[in-house]
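Going from the sequence shown to our numbering is simple: count from 1 and add 6. Glycine is no exception: its CB is placed at the ideal position from the N, C-alpha and C atoms. It should be emphasised that the depicted structure is a prediction, and the values quoted were computed from it without experimental measurement. This report refers to the structure that appears directly beneath it.
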Amino acid sequence: MKYKYQPNVHIIDYKILKEMFAFDDKGEFETDDPKLIEWIRKNKPFLKPVGEPVEPQEAKQEKKYKCKYCNYETENKGELLAHYREHKAQKR
Numbered sequence: 007m008k009y010k011y012q013p014n015v016h017i018i019d020y021k022i023l024k025e026m027f028a029f030d031d032k033g034e035f036e037t038d039d040p041k042l043i044e045w046i047r048k049n050k051p052f053l054k055p056v057g058e059p060v061e062p063q064e065a066k067q068e069k070k071y072k073c074k075y076c077n078y079e080t081e082n083k084g085e086l087l088a089h090y091r092e093h094k095a096q097k098r
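Quick look at the structure:
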């Protein structure tokens, strides 16, 4: 796999204090070592392989917050807390 990053950058594994690899003057690094590729995926997620398609992230669903005392619903927790404050003021 081929990786591209800033030129002459050395990537270090700080757990064992060892230089794992370095990018050349063009900012490229190529390897076929499966252990090293797995280590890069696991420990250095900012390094993306060149030519590998990037998976689109799924849109996460907004969480719905519901009032305990009435049927008010919102997607913003701050709005729900403001609603509670108003609801409590009405009871006084």
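Spatial distance of residue i from residue j (CA atoms)
i     : j     : result
Leu23 : Ile17 : 10 Å
Ile43 : Lys10 : 14 Å
Met7  : Glu64 : 26 Å
Ala88 : Lys69 : 17 Å
Thr80 : Lys74 : 12 Å
Tyr71 : Tyr90 : 12 Å
Glu85 : Lys54 : 39 Å
Tyr4  : Asp38 : Because residue 4 is not part of the residues shown, which for the chain are 7 to 98, the question remains open.
Glu25 : Gly57 : 25 Å
Lys41 : Glu92 : 58 Å
Any non-hydrogen atom of the ligand GTP closer than 7 Å to residue i Cβ
i     : result
Glu36 : The ligand GTP is not part of the structure shown, which contains no ligands of any sort.
Beta-carbon separation (whole angstroms), residue i vs residue j, contact threshold 8 Å
i     : j     : result
Phe29 : Asn14 : 6 Å
Secondary structure of residue i, DSSP reduced to three states
i     : result
Pro40 : helix
Glu79 : strand
Lys24 : strand
Lys32 : coil
Tyr71 : strand
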